[in-house]
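The structure appears below as structure tokens.
Chains as they are written, first to last, in full-length UniProt numbering: chain W, 1 to 398; chain U, 1 to 398.
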């Protein structure tokens with residue numbers, strides 16, 4: 001039996017905490033745990049030195065396949081409309097030799113080094129690239145499987161209805177390894193929301209898979225799309241299977257209407273995944289939670305043709321969520337941390353998660369006095385444990 | 001004569017650049033500069049290894065005196081109104097033993113280590129503390145004078161009209177070392193904007209000093225304050241002597257009204273200093289620049305009783321400015337960098353600035369391919385030169 005005993009850590013509530021890991025799972029948590037009797041020789045001990053103990057971090061929305069992380073700088077001269085960025089990227093990917101396997105592995109490893117152990121990534125599926133990007137990310141998923149739990153969303157970045165054959169490619173993607181069906185702006189991109197959503201839900205229903213939709217649509221257009229989705233979720237019994245990524249429209253409503261929408265979402269078990277962009281309206285974290293809607297955090301793309309920004313660091317993302325939502329008190333920053341830990345795992349459906357006996361032993365030690373400091377200062381991770389093994393120290397993979 | 005020759009750097013335009021520094025000033029810039037003849041023995045050479053050469057960074061709005069940087073974490077349980085934060089802080093400062101001298105030195109040094117060589121700090125002046133905080137920051141100013149050029153704003157954080165004796169303390173502050181008169185929300189805090197601004201401008205006129213006002217006032221209230229200021233600037237000949245910090249109201253106007261306000265500001269030489277908070281409306285960087293208004297960047301408070309956030313890193317602040325203003329293209333990120341370099345120096349009136357012959361030799365070497373990468377990735381500074389001497393390497397003071 002493989003054992004690891006973490007000593008001298010502190011739990012989020014400030015209490016001293018030791019953690020005993022056996023065969024990749026948390027076997028015990030408590031103060032001053034003893035080494036298991038009769039197994040001393042086979043138990044490695046790790047002194048946390050008083051560091052804060054966090055569960056492995058959760059990235060709920062990124063695009064591993066399209067990053068240039070670790071590669072030469074991408075000079076961005078792109079126009080500012082959504083369609084400019086979509087077309088620019090698809091053409092660049094077709095001609096630049098950019099490789100989704102290499103890119104996703106580099107960025108996945110960087111996420112792991114910074115303590116992310118569960119990650120949902122959207123992978124572009126389109127009629128130019130076919131399943132090429134998916135194949136690359138599947139290879140990364142397999143290579144990192146014992147350390148980084150990657151969920152793959154088959155994502156039609158260029159839209160579905162207007163590009164014949166995309167639905168068949170999504171269907172194939174879900175047969176060949178994608179876990180979740182992604183989608184994009186049924187009004188603004190597909191131009192026929194009822195037809196678009198019918199195709200989406202039919203595919204999800206066929207594969208019995210969850211859905212995660214990029215909803216950039218602003219204001220009343222976005223609200224209309226949400227209403228069309230709610231009707232279909234109820235009709236098809238898709239409760240607790242749908243996540244709304246972005247959902248900018250929820251940041252534009254007055255409180256009364258927003259809260260009515262959120263109440264409906266709570267009822268249907270629809271989660272929200274926010275990247276908390278500083279330049280867009282965003283779903284308010286505190287309002288979602290008050291309404292009983294799970295809200296998780298993600299980076300969106302990291303250093304790609306869309307954006308020069310981002311870092312594979314979910315504590316930094318928690319800080320961005322805190323800044324965007326004007327969270328300042330310590331108890332509020334703990335909520336930002338929750339968005340990239342427990343709420344993230346709930347939104348994505350990652351199982352056996354958390355600092356609890358029986359869970360997969362994914363843990364992060366960070367030199368911070370409490371959750372608020374971990375978020376605001378987001379120091380380099382002292383130690384990352386994934387699947388029961390130490391995988392990184394001081395921000396570097398071991 | 002003290003000489004330093006920096007070799008093998010790259011200028012912002014990508015061209016190879018060597019820099020010869022003599023007695024703390026830039027003596028020559030060019031490709032493959034030779035060591036000065038006959039002075040070889042006394043010239044130190046620094047190999048930049050192809051790093052990007054930036055001018056020393058400029059922090060245009062911070063509060064060195066109130067930080068807990070490098071001290072135990074401040075647990076924030078404060079209410080969310082502006083007056084809650086003001087009162088909470090004043091009481092905490094009176095009772096906690098917090099020392100403005102020690103705090104400002106710690107944060108000033110951290111700024112320097114990250115390449116900031118010019119800095120404007122607002123120092124709280126109020127009837128509880130008197131000039132105590134100013135004395136602490138004056139000591140830091142003196143101690144760092146040859147490396148970090150600190151401008152001190154005498155800032156009535158608790159307001160003026162309602163707290164008798166504050167105006168006299170500001171008067172004394174300006175006699176005893178403060179460089180600039182600060183002010184705060186003439187409507188929202190002082191409750192009598194005409195009287196408040198009359199006191200402010202009379203004090204500035206008496207001391208012949210510039211003004212930098214914290215204008216948090218939203219919407220039409222803020223616009224009204226701006227109009228009252230414009231009238232007085234014109235009447236008193238205070239053109240090119242006034243900066244508006246925050247100016248959130250400018251982020252709330254429709255384009256036509258906003259541009260009319262900006263045109264007036266350009267005409268009066270009123271600068272804008274933005275901290276680009278993700279949760280507030282902000283003056284649009286590109287609109288300010290298009291109108292001919294100088295706009296600079298600052299952190300505001302860093303890890304204090306107001307906010308847990310912030311870092312003494314002006315490249316990270318440039319990133320926040322870029323994110324808040326949705327700047328994505330390389331040429332747009334170069335604008336974000338300008339806010340914390342040349343535009344910052346112009347807004348604050350820092351003289352002899354920049355990568356040019358004759359300027360004070362304040363330089364930063366950073367491992368980035370261009371301005372955009374320096375902003376988005378903001379890597380640890382490879383080398384910081386201040387007043388002609390190497391003061392930090394790899395983010396650590398030497």
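A virtual CB, placed ideally from N, CA and C, is assigned to each residue, including glycine.
{"Check": "Near-chain U residues of the stretch 62-93 of chain W - C-beta to any C-beta below 8 Å", "Outcome": "72, 73, 75, 76, 77, 78, 80"}
{"Check": "Cβ neighbours of residue 398 of chain W in the same chain (closer than 7 Å, five flanking residues each side left out)", "Outcome": "390, 391, 392"}
{"Check": "8 Å Cβ cutoff, residue 369 of chain W in contact with chain U", "Outcome": "yes"}
{"Check": "Exposed unless 16 or more other CB atoms sit within 10 angstroms - verdict on residue 66 of chain U", "Outcome": "buried"}
{"Check": "Closer than 7 Å: residue 181 of chain W CB and nearest the ligand SAH heavy atom", "Outcome": "In terms of ligand content, the structure shown is empty, and the ligand SAH therefore cannot be addressed."}
{"Check": "Alpha-carbon spacing of residue 3 of chain W relative to residue 44 of chain W, whole angstroms", "Outcome": "6 Å"}
{"Check": "For residue 88 of chain U, the first and last residue of its enclosing alpha helix (DSSP H)", "Outcome": "82-95"}
{"Check": "Sequence-distant residues of its chain with Cβ nearer than 7 Å to residue 313 of chain W (five each side left out)", "Outcome": "114, 378"}
{"Check": "Exposed unless 16 or more other CB atoms sit within 10 angstroms - verdict on residue 286 of chain U", "Outcome": "exposed"}
{"Check": "Extent of the continuous beta strand (DSSP E) to which residue 123 of chain U belongs", "Outcome": "116-124"}
{"Check": "Any chain U beta carbon closer than 8 Å to residue 333 of chain W", "Outcome": "yes"}
{"Check": "Exposed unless 16 or more other CB atoms sit within 10 angstroms - verdict on residue 89 of chain W", "Outcome": "buried"}
{"Check": "Three-state secondary structure (DSSP) of residue 321 of chain U", "Outcome": "helix"}
{"Check": "Beta-carbon gap between residue 100 of chain U and residue 61 of chain U smaller than 8 Å", "Outcome": "no"}
{"Check": "First through last residue of the alpha helix (DSSP H) which encompasses residue 129 of chain W", "Outcome": "Residue 129 of chain W -> no alpha helix (DSSP H), and no H or E assigned at all."}
{"Check": "Close beta carbons around residue 318 of chain U, own chain, < 7 Å, minus the five adjacent residues each side", "Outcome": "297, 336, 337, 339, 340, 375"}
{"Check": "Beta bridge counterpart(s) of residue 263 of chain U as assigned by DSSP", "Outcome": "Its beta-bridge partners do not exist; DSSP assigns none."}
{"Check": "Cβ contact (3+ pairs, closer than 8 Å) linking the stretch 288-297 of chain U and the stretch 258-274 of chain U", "Outcome": "yes"}
{"Check": "Per-residue burial, residue 274 of chain W [other beta carbons within 10 Å of its own, 16 or more giving buried]", "Outcome": "buried"}
{"Check": "Secondary structure of residue 216 of chain U, DSSP reduced to three states", "Outcome": "coil"}
{"Check": "Paired residues, beta bridge with residue 20 of chain W - DSSP", "Outcome": "W:5, W:28"}
{"Check": "Chain W contacts made by the stretch 299-320 of chain U, where a contact means CB separation under 9 Å", "Outcome": "303, 306, 307, 308, 309, 310, 311, 319, 320"}
{"Check": "Every unbroken alpha helix (DSSP H) within the stretch 249-303 of chain U, with a cutoff of 4 residues, ordered by chain", "Outcome": "255-268, 285-291"}
{"Check": "Range of the contiguous beta strand (DSSP E) that encloses residue 151 of chain U", "Outcome": "149-155"}
{"Check": "Below-8 Å beta-carbon distance, residue 36 of chain W vs any chain U residue", "Outcome": "no"}
{"Check": "Min CB distance residue 23 of chain W to chain U below 8 Å", "Outcome": "no"}
{"Check": "Closest Cα partner of residue 58 of chain W within the set W:102, W:345, W:49", "Outcome": "W:345"}
{"Check": "The stretch 194-214 of chain U contacting the stretch 236-247 of chain U, beta-carbon criterion three pairs below 8 Å", "Outcome": "yes"}
{"Check": "Proximal chain U residues relative to residue 399 of chain W, where beta-carbon distance stays under 9 Å", "Outcome": "Here chain W has residues from 1 to 398 only, and residue 399 of chain W is not among them."}
{"Check": "Cutoff 8 Å: residue 323 of chain W Cβ touching any chain U Cβ", "Outcome": "yes"}
{"Check": "Cβ neighbour criterion (16 or more within 10 Å) applied to residue 23 of chain U", "Outcome": "exposed"}
{"Check": "Residue-chain proximity (residue 284 of chain U, chain W), Cβ-Cβ < 8 Å", "Outcome": "no"}
{"Check": "Partner residues on chain U for residue 279 of chain W, Cβ-Cβ distance less than 7 Å", "Outcome": "323, 324, 325, 326"}
{"Check": "Within-8 Å CB hit, residue 113 of chain U to chain W", "Outcome": "no"}
{"Check": "Rounded separation between residue 221 of chain U and residue 151 of chain W - CA only", "Outcome": "49 Å"}
{"Check": "Residue nearest to residue 281 of chain U in terms of C-alpha spacing, selected from W:49, W:326, W:310, W:271", "Outcome": "W:326"}
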